[in-house]
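Structure, as structure tokens:
Residue numbers (this note's numbering): 51 to 321.
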């Protein structure tokens, strides 16, 4: 009887591993914890677009392989010590304990992954796009970005009356190539404003942190949020992966909003 039970368990384990291997698409996307840990699954194999980040604000890119029920995030590299002829692999293995469409629980099982996640026994993550703070009541957003490489110097403010104000020094003509240096104003249409609120509610503003690492050749980003009668201030050259959607929206939707019109008004935006 015991042998039969053991055989059944082994068979189920084997089938589960193959089930996981056969359905990697179910795990694709970004998963986060309240502490700002992140697992971002993009592509399997030798594609270093996959990301791990921990609550200490460390972020790294990895190749990713699914080995049975284990997500094996790997750094694959060669060394001059062996004339670049031998590949070395650092494995950050996470065993999938359970998952569904909205939640993922993993267990760090390799020495590197255990250290990366501070020896916590389990990571309980939720799919990022489903983490919506419906209690977040937007009042005002102020944004500043210093110039870096071929980017513009930008200051921007949006309030809860949909009023958008933009100052730009666009000598480098990046993605704002049709917008000359100066001041601009607009009133957002309902669709764009609603999308902005959705992204804010999905950006974990209450717990969002920026890193204190100086990243050379990156713009210094300042974000000031007013919400629910509170104020939150963030400023750094290191912005975490969990803020990517919000910063992309500001850069590619607000800064390039089609109805921006030149204005002679100059506002002293909070810094």
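Yeah, the Cβ is synthetic: ideal placement off N, Cα and C, and Gly gets one too.
- Boundaries for residue 126: no alpha helix (DSSP H) harbours it, while the beta strand (DSSP E) harbouring it runs 120 to 127, taken from the DSSP string.
- Shown here, residue 166 sits in a helix according to DSSP, grouped into three states.
- Distance between residue 119 and residue 290, taken at the CA atoms: about 28 Å.
- For the pair residue 240 and residue 279, the Cα-to-Cα distance works out to about 23 Å.
- Nearest in C-alpha terms to residue 169, of all of 182, 137, 142, 199, is 142.
- In the displayed model, residue 178 falls within a helix according to three-state DSSP.
- Assigned with DSSP and collapsed to three states, residue 298 falls in helix.
- Residue 245: member of the alpha helix (DSSP H) spanning 240 to 251, first to last residue.
- Taking C-beta atoms under 8 Å as the contact rule, residue 234 and residue 311 qualify, at a distance of about 6 Å.
- If you ignore the 5 residues before and after residue 277, its C-beta comes within less than 7 Å of the C-beta of 186, 187, 188, 189, 255, all in its own chain and listed in chain order.
- With a threshold of 16 other beta carbon atoms within 10 Å, residue 83 meets it and is buried.
- Its Cα nearest to that of residue 183, the residue 248 stands out among 220, 212, 248.
- Per DSSP, residue 255 is not a residue of any beta strand (DSSP E), being assigned neither H nor E.
- One thing to note: residue 136 has its Cβ no nearer than 8 Å to the Cβ of residue 147.
- If you look at residue 233, you'll find it in the beta strand (DSSP E) that goes 232 to 237.
- Note on residue 90: 16 or more other CB atoms within 10 angstroms of its CB, so buried under the neighbour-count rule.
- The Cβ neighbour count for residue 171, taken over all protein chains shown within 10 Å, is under 16; the residue is labelled exposed.
- In this chain, residue 136 is not harboured by any beta strand (DSSP E), its DSSP state being neither H nor E.
- Its chain contains 274 as the residues whose beta carbon lies nearer than 6 Å to that of residue 283, once the 5 sequence neighbours on both sides are disregarded; these appear in chain order.
- A direct Cα-Cα distance of roughly 10 Å separates residue 158 from residue 121.
- The three-state reading of DSSP puts residue 292 in helix, counting H, G and I together.
- Taken atom to atom, the span from the alpha-carbon of residue 102 to that of residue 163 is near 10 Å.
- Taking 8 Å as the cut-off, the Cβ atoms of residue 87 and residue 173 count as close.
- Inter-residue distance for residue 123 and residue 94 is about 10 Å (C-alpha atoms, whole angstroms).
- Residue 287 has its alpha-carbon roughly 6 Å from the corresponding atom of residue 264.
- In the structure shown, residue 75 falls within a helical segment according to DSSP collapsed to helix, strand and coil.
- Partner residues in the beta bridge of residue 116, as assigned by DSSP, are 121.
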